[in-house]
Amino acid sequence: MVATTPLVPAEATEAATLRVTAKQRQADDVLTLELASPSGGRLRDWTPGSHVDLVLPNGLTRQYSLCGDRWDPHTYRVGVLLEPGSRGGSRYVHEHLQVGDLVGVGGPRNNFPLVPSEEYLFVAGGIGITPILPMLRQAELLGAEWRLLYGGRRRGSMAFLDELAPYGERVVVRPEDEYGLLDLAGFLGAPREGARVYACGPSPLLAALERACADWPPYTLRTERFVAEEGGTPVRTAPFEVELARTGTTLTVTPDVSVLEALNRIGVEVLSSCRRGVCGTCETTVLAGRPDHRDALLDDDERDANDCMYVCVSRSRDERLVLDL
Amino acid sequence: MTATAPTGTALPTSDVDPFSHEVLEDPLPMHAELREAGPVVHLARYDVYALARYAEVHAALVDWQQFQSAAGVGLSNFRYEEPWRPPSLLLEADPPRHDAPRRVLQKVLGPRALRRLREGWAADAEALVEEVLARGPAFDAVHSLAATFPLRVFPDAVGIPQPGRENLLPYGDHAFNAFGPDNDLVARGAPRVAELSAWVNAQCRREVLAPVGFGADIWAASDRGDITPEQAPLVVRSLLTAGVDTTVHGISAVLYAFATNPDQWQRLREEPALARVAFDEAVRWESPVQTFFRTATTDVRVGDVVIPEGRKILMFLAAANRDPRRWSDPDRFDLSRDPSGHVGFGMGIHQCAGQHVARLEAEAILTALARRVRTIELDGPTVRHHNNTLRAWESIPVRVRVD
Chain A
1 MVATTPLVPA
11 EATEAATLRV
21 TAKQRQADDV
31 LTLELASPSG
41 GRLRDWTPGS
51 HVDLVLPNGL
61 TRQYSLCGDR
71 WDPHTYRVGV
81 LLEPGSRGGS
91 RYVHEHLQVG
101 DLVGVGGPRN
111 NFPLVPSEEY
121 LFVAGGIGIT
131 PILPMLRQAE
141 LLGAEWRLLY
151 GGRRRGSMAF
161 LDELAPYGER
171 VVVRPEDEYG
181 LLDLAGFLGA
191 PREGARVYAC
201 GPSPLLAALE
211 RACADWPPYT
221 LRTERFVAEE
231 GGTPVRTAPF
241 EVELARTGTT
251 LTVTPDVSVL
261 EALNRIGVEV
271 LSSCRRGVCG
281 TCETTVLAGR
291 PDHRDALLDD
301 DERDANDCMY
311 VCVSRSRDER
321 LVLDL
Chain B
326 MTATAPTGTA
336 LPTSDVDPFS
346 HEVLEDPLPM
356 HAELREAGPV
366 VHLARYDVYA
376 LARYAEVHAA
386 LVDWQQFQSA
396 AGVGLSNFRY
406 EEPWRPPSLL
416 LEADPPRHDA
426 PRRVLQKVLG
436 PRALRRLREG
446 WAADAEALVE
456 EVLARGPAFD
466 AVHSLAATFP
476 LRVFPDAVGI
486 PQPGRENLLP
496 YGDHAFNAFG
506 PDNDLVARGA
516 PRVAELSAWV
526 NAQCRREVLA
536 PVGFGADIWA
546 ASDRGDITPE
556 QAPLVVRSLL
566 TAGVDTTVHG
576 ISAVLYAFAT
586 NPDQWQRLRE
596 EPALARVAFD
606 EAVRWESPVQ
616 TFFRTATTDV
626 RVGDVVIPEG
636 RKILMFLAAA
646 NRDPRRWSDP
656 DRFDLSRDPS
666 GHVGFGMGIH
676 QCAGQHVARL
686 EAEAILTALA
696 RRVRTIELDG
706 PTVRHHNNTL
716 RAWESIPVRV
726 RVD
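One line per chain: the protein sequences are A and B, in this order. For the first sequence, the working numbering assigns the number 1 to the initial residue and increments by one for each residue that follows. For the second sequence, the working numbering assigns the number 326 to the initial residue and increments by one for each residue that follows.
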């Protein structure tokens with residue numbers, strides 16, 4: 001019998017809300033969540049190194065690297081470490097979030113993309129393994145040379161060891177209680193052209209790598225720093241107002257519609273295309289107010305500029321946004 | 326042409342040649358017939374599967390996992406046939422190789438990067454419109470505007486030198502013909518392929534490109550290691566291949582649409598901010614890029630039909646853009662319509678990276694025209710330009726009245 005995969009028509013618009021479809025323990029204090037569209041549709045495409053913003057039911061937003069399989073367009077997987085000092089982000093995920101719950105999702109965005117190279121040296125510290133995991137398969141597919149140095153406090157605290165096992169000797173697992181601090185210089189070897197070092201982990205590890213790579217060619221080292229879990233501003237789940245500066249019209253955007261839909265309902269045409277925050281067609285100038293960016297286009301600096309938004313997916317952090325429409 | 330489903334099978338078959346001159350002159354009846362025949366139709370002449378309905382075309386475009394591009398987005402299957410040039414790192418690539426070049430080009434051509442061009446292009450468009458109108462009220466909209474404006478602004482934006490720019494249109498024309506079968510259109514371009522390719526490749530070199538421009542931005546990305554120095558010239562080549570003919574024919578399309586829909590021109594005159602919508606509506610209505618192929622990476626089920634792994638699938642973007650299942654009154658060029666979601670620029674990870682450039686060019690020229698021209702109408706017989714992939718005009722004679 002031939003296994004076939006049906007061609008599923010894409011949804012016209014993409015809900016920015018996904019359902020938790022699996023919650024699985026991976027190591028001490030580390031679990032993975034699998035997320036899928038409530039309607040079963042395709043999720044936005046992503047590349048290794050990407051993260052999503054999860055808007056938790058308690059209103060907090062947290063960023064998690066995608067560590068699943070990009071060839072499965074229907075599922076995202078994220079790894080979540082229970083942080084000792086958590087004030088409601090990872091603790092909420094570990095203790096309260098259940099299979100079946102809905103979470104808001106922004107992105108995916110990628111500040112840590114895998115660039116072409118003949119040789120990759122991956123260094124992961126603790127939960128920093130999550131963005132690295134999909135990069136390994138990518139490096140395999142690209143036929144590149146690669147090795148991974150993976151550190152953690154204890155073997156029992158290190159996630160995905162089972163998934164790494166098939167890679168054999170290319171993966172060097174070094175729990176601190178057995179081996180002490182990571183031997184970065186020994187792992188990296190002599191400085192050379194044509195290699196890229198990808199590292200994700202706690203700040204002291206990344207600082208040590210910066211020192212270790214000081215004599216390497218420029219742009220060799222690429223890192224993703226954990227952002228320490230902060231209180232953060234809860235995103236707006238209540239309706240907000242959008243004022244259109246050119247016409248003087250004000251409309252209310254309720255949680256169940258996008259800004260784009262709300263604009264269309266009152267006859268304001270804003271051209272869009274993908275309606276998933278990916279293509280950039282619906283870029284709209286923001287004159288006042290802070291958007292709640294949910295797109296996959298703007299980098300961090302561009303987000304902070306608060307001067308434009310993609311109205312197909314992005315919303316508002318403030319009670320009122322003023323748009324140049 | 327007839328599209329029939331033999332008894333006992335779910336797969337209708339058709340003997341139509343989508344690349345014949347008869348069809349290229351007016352593909353609309355074939356599009357309608359293929360849409361009505363079923364969600365997927367076997368084209369016997371080329372032994373490929375065709376999608377002509379919006380839902381299926383859209384779904385195939387976004388599904389890069391099952392519908393790959395690296396085996397070529399034309400009829401030729403790169404698994405078995407040698408491409409006529411080194412494959413594009415964007416159009417003819419799949420993840421993961423597609424990722425880095427796409428990321429670089431998308432940023433270089435992104436809406437935020439284009440802001441610095443807007444004012445200059447608006448002034449260039451006004452100057453061109455003044456020049457054309459000064460020569461009299463009757464002119465050819467293709468030669469005077471649609472083919473002139475992109476060639477004035479785009480090569481400068483890329484940063485290629487002046488000499489040889491007349492090679493851009495013939496090169497692009499051949500590249501888009503080469504996605505079709507090896508027919509007379511391909512044969513006609515063949516004698517110049519080596520010469521044109523050599524010229525285009527020479528423009529992609531770092532030392533030839535201006536220090537500021539899309540080309541320099543792409544090379545700067547290679548300095549940072551975001552792409553390799555070997556990839557940089559091929560990414561520049563994508564700009565020069567896909568960035569000229571397409572916008573020329575897109576602008577021709579919107580000018581023809583207005584020349585044949587005077588009420589819509591009045592609408593634009595009253596509301597010049599509709600220029601962007603007008604261009605996208607024209608891209609939907611005319612679909613300057615008519616078709617692209619994909620190749621099945623697995624046995625894919627479409628409706629009741631299984632397309633076997635390795636087979637070519639012809640996606641009729643143009644037919645999807647006029648599918649009455651998706652669009653009401655689809656044959657009407659209508660500025661009150663929301664054309665969002667059309668597949669004229671494709672969709673998904675391969676969606677046209679230059680779409681914002683095309684929109685900016687079209688918006689500039691339409692805004693400049695609407696400011697000066699009260700009416701625009703046809704002034705003689707129009708002539709199509711046949712291409713295996715593009716829906717194009719050779720000539721659109723128009724007559725205008727100015728304010």
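Don't be surprised by glycine CBs; every beta carbon is placed ideally from N, CA and C.
- prompt: When you compare only the Cα positions, how much space is there between residue 348/B and residue 687/B?
  reply: Within the second sequence, the letter at position 23 stands for residue 348/B. Within the second sequence, the letter at position 362 stands for residue 687/B. Spanning the two alpha carbons is a distance of roughly 27 Å.
Within the region 624 to 689 of chain B, ranges of the beta strand (DSSP E) (whole runs, at least 3 residues): Those beta strand (DSSP E) runs which fall completely within the region 624 to 689 of chain B and span 3+ residues are 625 to 627, 630 to 632 and 637 to 641.
- request: Could you work out which residues of chain B lie near residue 200/A, taking near to mean beta carbons separated by less than 9 Å?
  value: On the first sequence, residue 200/A is found 200 positions in, with the first residue counted as 1. Chain B residues near residue 200/A: none, gap ~18 Å exceeds 9 Å.
field: chain A contacts made by the region 599 to 617 of chain B, where a contact means CB separation under 8 Å
entry: If you check each beta-carbon in the region 599 to 617 of chain B against every beta-carbon of chain A, the ones closer than 8 Å belong to 599, 601, 602 and 605.
task: Closer than 6 Å by C-beta to residue 241/A: which residues in its own chain qualify, once you throw out the five before and the five after it? Chain order, please.
output: Within the first sequence, the letter at position 241 stands for residue 241/A. Here the set comprises 250, 252 and 320.
message: Please give me, in chain order, every unbroken run of the beta strand (DSSP E) with length at least 3 that falls completely inside the region 336 to 419 of chain B.
response: Segments of the beta strand (DSSP E) lying fully in the region 336 to 419 of chain B: 366 to 368 and 373 to 376.
field: CB contact below 8 Å: residue 734/B versus chain A
entry: Residue 734/B is absent from the structure shown; chain B starts at 326 and stops at 728.
message: Which residues in chain A have a C-beta closer than 9 Å to the C-beta of residue 676/B? List them in chain order.
response: For this step, residue 676/B is matched to residue 351 along the second sequence. In chain order, 273, 274, 278 and 279 make up the part of chain A whose C-beta sits under 9 Å from the C-beta of residue 676/B.
message: Please report the distance separating the alpha-carbon of residue 82/A from that of residue 30/A.
response: Here residue 82/A corresponds to residue number 82 of the first sequence, with the count starting at 1. Here residue 30/A corresponds to residue number 30 of the first sequence, with the count starting at 1. Computed Cα separation, rounded: 6 Å.
query: What does residue 195/A pair with, by DSSP beta-bridge criteria?
result: Residue 195/A sits at position 195 when you count from the first residue of the first sequence. According to DSSP, which records beta bridges pairwise, residue 195/A is partnered with 119/A.
message: Distance check for residue 288/A and residue 440/B, CA to CA, integer angstroms please.
response: As a working note, residue 440/B is residue 115 in the second sequence. As a working note, residue 288/A is residue 288 in the first sequence. Straight-line Cα distance between these residues: approximately 19 Å.
field: Inter-residue Cα distance where the pair is residue 77/A and residue 24/A
entry: As a working mapping, residue 77/A is identified with position 77 in the first sequence. As a working mapping, residue 24/A is identified with position 24 in the first sequence. The straight-line gap from Cα to Cα measures roughly 10 Å.
- prompt: For residue 199/A, which option in 189/A, 184/A and 153/A has the closest C-alpha, if you only look at C-alpha atoms?
  reply: Taking the first residue of the first sequence as position 1, residue 199/A is located at position 199. Checking every option, the nearest Cα to that of residue 199/A belongs to 184/A.
- prompt: Among the residues of its own chain, which have a CB less than 7 Å from the CB of residue 542/B, if the five just before and after it don't count?
  reply: Sequence index remark: in the second sequence, residue 542/B carries index 217 (1-based). Apart from the 5 residues on each side of it in sequence, residue 542/B sits with its Cβ closer than 7 Å to the Cβ of 433 in its chain, given in chain order.
task: Report yes or no: is there a C-beta of chain A within less than 8 Å of the C-beta of residue 554/B?
output: Within the second sequence, numbered from 1, the residue matching residue 554/B stands at position 229. So no, residue 554/B is outside the interface.
query: Under the rule that 16 or more other beta-carbon atoms within 10 Å means buried, what is residue 620/B, buried or exposed?
result: On the second sequence, position 295 is the one that residue 620/B refers to. Around the CB of residue 620/B, 16 or more other CB atoms lie within 10 Å, so the residue is classed as buried.
- request: Taking C-beta pairs closer than 7 Å, name the residues in chain A that residue 549/B reaches, listed in chain order.
  value: Along the second sequence, read from residue 1 onward, the residue named residue 549/B stands at position 224. Those within 7 Å of residue 549/B in chain A are 219.
- prompt: What does a CB cutoff of less than 7 Å around residue 497/B pick up in its chain, not counting 5 residues either side in sequence?
  reply: Working through the second sequence from its first residue, we reach residue 497/B at position 172. Same-chain partners within the cutoff: 566, 569 and 570.
message: Please return the same chain residues whose Cβ sits closer than 8 Å to the Cβ of residue 246/A, not counting the five positions on each side in sequence.
response: Looking up residue 246/A in the first sequence gives position 246. Cβ within range, chain order: 324 and 325.
- request: Look at the alpha carbon of residue 104/A and the alpha carbon of residue 16/A, and state the distance between them as a whole number of angstroms.
  value: In the first sequence, residue 104/A corresponds to position 104, counting from 1. In the first sequence, residue 16/A corresponds to position 16, counting from 1. So the alpha carbons of these two residues sit roughly 6 Å apart.
- request: Compare the beta carbon distance of residue 386/B and residue 723/B with 8 Å and say whether it is the shorter of the two.
  value: For the purposes of this step, residue 386/B is taken as the residue at position 61 of the second sequence. For the purposes of this step, residue 723/B is taken as the residue at position 398 of the second sequence. Contact flag unset, no.
- request: Give the range of the alpha helix (DSSP H) segment to which residue 302/A is assigned.
  value: On the first sequence, position 302 is the one that residue 302/A refers to. Note, residue 302/A: alpha helix (DSSP H), 300 to 305.
message: Give me the residue from 685/B, 698/B, 690/B and 712/B with the minimum Cα distance to residue 438/B.
response: The residue labelled residue 438/B in the question sits at position 113 within the second sequence. Distances from the CA of residue 438/B to each of 685/B, 698/B, 690/B and 712/B were compared; the closest alpha carbon is that of 685/B.
query: What are the uninterrupted segments assigned as alpha helix (DSSP H) that are 4 or more residues long and contained completely in the region 134 to 184 of chain A, given in chain order?
result: Fully contained in the region 134 to 184 of chain A are the following alpha helix (DSSP H) runs of length 4 or more, in chain order: 161 to 164 and 176 to 179.
field: Same chain only: Cβ atoms within 8 Å of residue 524/B, ignoring 5 sequence neighbours per side
entry: The residue labelled residue 524/B in the question sits at position 199 within the second sequence. For residue 524/B, where only same-chain residues beyond five positions count, the Cβ hits under 8 Å are 489, 492 and 496.
Under 8 Å from the C-beta of residue 34/A: neighbouring residues of chain B: By 1-based counting over the first sequence, the position of residue 34/A is 34. Those within 8 Å of residue 34/A in chain B number zero; the least Cβ separation is about 18 Å.
Run of the alpha helix (DSSP H) containing residue 549/B, from where it starts to where it stops: Counting from one through the second sequence, the residue named residue 549/B turns up at place 224. Premise fails: residue 549/B is in no alpha helix (DSSP H) and is neither H nor E.
query: Would you report the Cα separation of residue 305/A and residue 147/A, rounded to the nearest angstrom?
result: The count along the first sequence starts at 1 and reaches residue 305/A at position 305. The count along the first sequence starts at 1 and reaches residue 147/A at position 147. So the two alpha carbons sit approximately 38 Å from each other.
message: I need the boundaries of the alpha helix (DSSP H) containing residue 576/B, first residue and last residue.
response: Reading the second sequence from its first residue, position 251 is the one you call residue 576/B. Boundaries of the alpha helix (DSSP H) around residue 576/B: 570 to 584.
- prompt: chain A partners of residue 681/B, CB-CB under 7 Å?
  reply: To locate residue 681/B, count along the second sequence from 1; it is residue 356. Going along chain A in sequence order, the residues near residue 681/B (Cβ under 7 Å) are 280.
message: Between the alpha carbons of residue 133/A and residue 420/B, how many angstroms are there, rounded?
response: Within the first sequence, numbered from 1, the residue matching residue 133/A stands at position 133. Within the second sequence, numbered from 1, the residue matching residue 420/B stands at position 95. Cα to Cα, residue 133/A sits roughly 16 Å from residue 420/B.
- prompt: Which one of 545/B, 484/B and 700/B has the shortest CA to CA distance from residue 528/B?
  reply: Here residue 528/B refers to the residue found at position 203 of the second sequence. Ranking 545/B, 484/B and 700/B by CA distance to the CA of residue 528/B puts 484/B first.
- prompt: According to the Cβ coordinates, are residue 466/B and residue 580/B closer than 8 Å?
  reply: By 1-based counting over the second sequence, the position of residue 466/B is 141. By 1-based counting over the second sequence, the position of residue 580/B is 255. One thing to note: residue 466/B has its Cβ within 8 Å of the Cβ of residue 580/B.
query: Where do the N-terminal and C-terminal ends of the beta strand (DSSP E) with residue 468/B fall, by residue?
result: Sequence index remark: in the second sequence, residue 468/B carries index 143 (1-based). Going by DSSP, residue 468/B is part of no beta strand (DSSP E) at all; its letter is neither H nor E.
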